[in-house]
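In our numbering, the protein residues as written are 1 to 200.
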């Protein structure tokens, strides 16, 4: 989980970062968030001045945000752009849906990089940043993410197979190029072996 939703809530990423920075008399400022079950890289600022700058870089797609996902099924088209507006689901306040209430433009670029059994490993780039965008877009394509309890009703996997793999940005003021990569979780890399064993 990225951040606490209630006062005194602990055990979130921002709690851990705050504890780490406290020893240096510094404080974290959240720039963006990850869905609760998504692993991966997050950008956190140590200076509140840069937060609106970084937020604008995200909204203008200057910061490149790439993800890996394992989905159900085999794609007919191995790469392309999913361009479907996303809004609120009128039947479930937790969810979003294509053409839902107050739908806004949403674009996701995807490329299938591997297939096994009846699953695909997909490299994804966000071109917009709507809530649950990757999860909704992949589900709308008929390829929901393995382990997604909201948008995949057939998977029994306890981990959601969506990982924020890489972010590339230019740091404000210093103009230094920075690439952040997050190691892929072991449960993610072991999933293929687990599936193959279950078929034998």
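All C-beta atoms in this analysis are idealised placements derived from N, C-alpha and C, irrespective of residue type, glycine included. From a predicted model like this one, the values you see are computed outputs, not experimental measurements.
Alpha carbon to alpha carbon, what distance is there between residue j and residue i?
| i | j | result |
| --- | --- | --- |
| residue 143 | residue 181 | 25 Å |
| residue 103 | residue 172 | 32 Å |
| residue 194 | residue 186 | 12 Å |
| residue 60 | residue 169 | 12 Å |
| residue 39 | residue 159 | 10 Å |
| residue 152 | residue 10 | 29 Å |
| residue 122 | residue 81 | 12 Å |
| residue 188 | residue 163 | 8 Å |
| residue 100 | residue 78 | 27 Å |
| residue 109 | residue 76 | 15 Å |
| residue 5 | residue 165 | 25 Å |
For residue i, which residues of its own chain have a beta-carbon under 6 Å away from its beta-carbon, when the five flanking residues on both sides are left out?
| i | result |
| --- | --- |
| residue 95 | 89, 150 |
| residue 65 | 126, 167 |
| residue 13 | 2 |
Would you mind sorting residue i into buried or exposed? The rule is 16 or more other CB atoms within 10 Å of its CB.
| i | result |
| --- | --- |
| residue 43 | buried |
| residue 184 | exposed |
| residue 175 | exposed |
| residue 106 | buried |
| residue 113 | exposed |
| residue 133 | buried |
| residue 130 | buried |
| residue 191 | buried |
Excluding sequence positions up to five away, which residues of its chain have a Cβ less than 7 Å from the Cβ of residue i?
| i | result |
| --- | --- |
| residue 177 | 170 |
| residue 57 | 63, 169 |
| residue 115 | 74 |
| residue 55 | 31 |
*Quick one: any contact between the segment 61–81 and the segment 135–151, if contact means 3 or more CB pairs under 8 Å?*
Segments in contact, yes.
*Contact between the segment 49–66 and the segment 18–31 (3+ Cβ pairs under 8 Å)*: Short answer: they touch.
_With three or more beta-carbon pairs closer than 8 Å as the criterion, would you say the segment 133–141 touches the segment 78–86?_
Three or more pairs of CB atoms, one per stretch, sit closer than 8 Å, so the segment 133–141 contacts the segment 78–86.
*At 4 residues or longer, and completely inside the segment 3–44: list those alpha helix (DSSP H) runs for me, N to C.*
Correct list: 13–22.
*Complete runs of the beta strand (DSSP E) confined to the segment 109–150 [at least 3 residues]*: Assignment of beta strand (DSSP E) within the segment 109–150, counting only whole runs of 3 or more residues, yields 119–126 in chain order.
*Every unbroken beta strand (DSSP E) inside the segment 41–86 [3 residues or more]*: If we require 3 residues or more, the beta strand (DSSP E) runs fully inside the segment 41–86 come out as 64–72, 79–83.
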